[in-house]
DNA sequence: TTTGCTGCAAATGCTTTGCATGTAG
DNA sequence: CTACATGCAAAGCATTTGCAGCAAA
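Protein chains in written order, with my numbering: chain A, 1 to 148; chain B, 1001 to 1148.
Structure representation (structure tokens):
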């Protein structure tokens, strides 16, 4: 399980690669190298941060993973399960959700065309405050502001 | 000229600040710290890279400038002349153009709402190939592909 | 004169690389 | 057995910070 796509990508099936692929699948599809590294350490694996980066970079080259540069310095790696989508992320709790809006996609194509570009790629990120009960944003607000 | 907005921002009017503000206005509204630094050096000014970063960071805090994280590691600083817009940039020649599509904006708000977010900000970047005569992309294609 | 700015050097944080050892195929 | 992976230490970048000297107000 997982070894198939590794071989397919021309990569040897090794423990770090299996572990990391599994984490992206089972724990979260959006992870930083640092978080992966810590999670591995926590589960007793002694895998170096450079190895984590190397594996992720190879995954990226193989199309298994996409690298994102959200605000905050660290790269976020996302399991690429095909199917384009954009992201919305919460400024308070860091939660990342995916969405795809065909209207926006179409309008982007039109815009590029209008400006004389052949569109190759795009990145759309929405930043906001999510309305989850467990989001620190809500906690902070407690009784401070009347509901607008 | 320029000293007004500096004072207004609570910043002393100094040579590095004036120079950098002027460059963003007269040379290009999109510049990296490194490019600014080199341009200053070329024009005989001995201003350190750290100072360039400090000035840009202060400008950012004062709302005179926006910092962008396009692909490629380096931050791009943009003169903020009010008025929201997004960017399209050419993968071949690096050209950056601005645009604003009210349909896309509206759809973003709806999307955020639908997902239970209070939208605060967003970043949309289109990457493509521009059709300029002087763009390296065209040069490369010479006689290779029939026009689609 | 006082507060805030600059230059330089050094530190930081994220990511990559070099190299000797180890291991999958 | 051979080619490729890993671990560790060290290097690389972009960016920030500390501090002594300087300059704007």
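Glycine residues also receive a C-beta, built at the ideal position from the N, C-alpha and C atoms.
DSSP, reduced to helix, strand and coil, places residue 27 of chain A outside both helices and strands of the structure shown, so it counts as coil.
Counting other Cβ atoms within 10 Å of its Cβ, residue 114 of chain A stays below 16 and is therefore classed as exposed. The three-state reading of DSSP puts residue 1046 of chain B in coil, since its state is none of H, G, I, E or B. Restricted to the region 67-118 of chain A, the beta strand (DSSP E) segments that are unbroken, complete and at least 3 residues in length are 76-79, 86-90 and 96-99, listed in chain order.
Distance from the CA of residue 1090 of chain B to the CA of residue 129 of chain A, rounded to the nearest whole angstrom, comes to 32 Å. A Cβ-Cβ separation of about 5 Å places residue 1104 of chain B in contact with residue 107 of chain A under the 8 Å criterion. For residue 1007 of chain B, the enclosing alpha helix (DSSP H) starts and ends at 1003-1008.
With a threshold of 9 Å between beta carbons, residue 108 of chain A makes contact with chain B.
For the region 123-135 of chain A, the set of residues with a beta-carbon nearer than 7 Å to any beta-carbon of chain B comprises 123, 124, 125, 126, 127, 128, 129, 130 and 131, in chain order. Taking all protein chains in view, the Cβ of residue 1017 of chain B is crowded by 16 or more other Cβ atoms within 10 Å, so the residue is classified as buried. Within chain A, no residue has its CB atom less than 8 Å from the CB of residue 1057 of chain B, the nearest being about 15 Å off. Excluding five sequence positions before and after residue 1074 of chain B, the CB atoms of its chain that fall closer than 8 Å to its own CB belong to 1032, 1033 and 1034, given in chain order. In the three-state scheme derived from DSSP, where H, G and I count as helix and E and B as strand, residue 1013 of chain B is classed as coil.
Secondary structure at residue 1124 of chain B: strand, using DSSP grouped into helix, strand and coil. Nearest CB-CB separation between residue 1111 of chain B and chain A: below the 9 Å threshold.
Contact of residue 1063 of chain B with chain A is not assigned, every C-beta pair being separated by 9 Å or more.
Excluding its 5 nearest sequence neighbours in each direction, residue 51 of chain A has C-beta neighbours in its own chain below 6 Å: 16, listed in chain order. A residue is called buried when at least 16 other Cβ atoms come within 10 angstroms of its Cβ; residue 1007 of chain B does not meet this threshold and is exposed. Per the DSSP secondary-structure output, residue 1135 of chain B pairs with nothing in a beta bridge. The beta carbon of residue 1004 of chain B is closer than 6 Å to none in its chain, skipping five residues each way along the sequence.
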